Every structure is written in C-alpha cells, then in structure tokens.
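Down below is the structure, laid out as structure tokens.
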C-alpha cells in the first residue's frame, strides 16, 4: 500500500450505532488530519494531530472522537450521530505541521450516511 | 467565516482552450496558496502551489497567478484536456498553519 488509505470507503449507520473510521499513511509523515466535506461546502478541518499529539479541535461535537495511536494511524470514532453528519470524511497527512507549509496528501475518503 | 471563496461552482471549456479557475481570499495573513484537484471517488491531490513572495508559478500546462493587492489567485490550464475534468479546490494557509479551502469549482473539458 502506498499513500493514504481509508477504510471503510462507504458506511451507513443508524443514529444509535457506534462505528470507527480508519486512516493509515505510508508516507512517513508526522501530521495527520480529519476533514469533513459536505455537498457544495468547503472542506472543514475537524482535528489535527502532530507527532501523535492533538493540536487542533475545531469545535467538533463530542459525538466525534479522534484517536492517533502512532504517526501512521488515525481513527475517528463515531457515536450517536445525526443525519446532518452525513458527509465525505477525508483523512490527510503532511510532513509536519509546524513551520510549514507542507502539501497535504489525502486519502480517498469515507462516504458516511446516517439514517 | 469563509476565508477562501471560489465563486464559480462550475466551468465548461472546449478541449484545447484555456481554463481559468478563480479564487478570492479575505485573510491578508495568508502566505501560501495551493490548488488541489479531485476526481470522483478519490481524495484531493495536490496540483500546484505558490508562495506570497511570488506572483506566478508554472508547472507544465498549469500556471498559478497571485495578485496580493486584490487578494485573488487563479489557475490557468492550457491547453485543457478532457482528463482535466475534475473539481478544483483552492486552499490557503498563514505561516504554516492549517489550510483553509474553498468550496471547489467543477471543471468540464468537452472533447
């Protein structure tokens, strides 16, 4: 595997379910990101991790819970979501966050539908 | 607060002609600008970038122009090819901080 991978690619879940999105990067990067892309809206930055430490949480509801066990893996745990949370969730990584600027490399995304 | 704006949701051009995608920003602290390209069912891929110390950067068929006084940048693709059909996102960052993205412009290049 190369680049940034995300699983699953598609997810349908009920509002009472608990699920997790997984992201893995094979680029040796130190920073990882979660973005949300809703239809016809800009990508919204949700969380940033740099060297496994969370450095940004852009006022994301607590029903989204990130986890970064190491620099290569990033998870987004989901619970009691709302239908308006349906969107494309993109993971990205970059060489570093501090000092920058660095291009970000994106995974293919997980298309989430909350019913 | 949308700091990066792409006011044209779509653009259609003929193969071989020039495609011009526009982007405006409001934050004068932005000093690095990027364009990403996104095909359906794939994540955005980096295309070209420009630092605020330059006003032009060229890479093959792709050229990005930056007008700091107008807080405007544009991406020129010439000649346009059908394979360029995709959604193009403009992004900007300030001093290496997190990027802000525009909503994207869908480019269609007709054969």
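Residue numbers (the numbering used here), protein chains in the order written: chain A, 2 to 116; chain B, 7 to 117.
Where is the CB? At the ideal position from N, CA and C, for every residue including glycine.
Because the structure is a prediction, the values reported are computed rather than measured.
{"Query": "Using 7 Å as the limit for Cβ to Cβ distance, is residue 107 of chain A near chain B?", "Result": "yes"}
{"Query": "Give a yes or no on whether the C-beta atoms belonging to residue 108 of chain A and residue 89 of chain A are separated by under 7 Å.", "Result": "no"}
{"Query": "Where does the unbroken beta strand (DSSP E) through residue 78 of chain A begin, and where does it stop?", "Result": "74 to 80"}
{"Query": "Quick check on residue 21 of chain B: does DSSP put it in helix, strand or coil?", "Result": "coil"}
{"Query": "For the putative contact between residue 67 of chain B and residue 85 of chain B, defined by C-beta atoms under 8 Å, what is the C-beta separation to the nearest angstrom?", "Result": "7 Å"}
{"Query": "For the beta strand (DSSP E) that contains residue 77 of chain B, what are its first and last residues?", "Result": "First-last for residue 77 of chain B: undefined, no H or E at that position."}
{"Query": "Could you name the residues of chain B that residue 110 of chain A contacts, counting a contact when the two beta carbons are closer than 7 Å?", "Result": "49"}
{"Query": "Roughly how far, in whole angstroms, is the beta-carbon of residue 55 of chain B from the beta-carbon of residue 37 of chain B, given that I think they are within contact range, below 8 Å?", "Result": "Wrong, their Cβ atoms sit about 11 Å apart, outside the cutoff."}
{"Query": "Quick check on the DSSP output: what are the complete alpha helix (DSSP H) runs of length 4 or more inside the stretch 28 to 76 of chain A, in order along the chain?", "Result": "none"}
{"Query": "Is it true that the CB of residue 27 of chain B sits closer than 7 Å to the CB of residue 111 of chain B?", "Result": "yes"}
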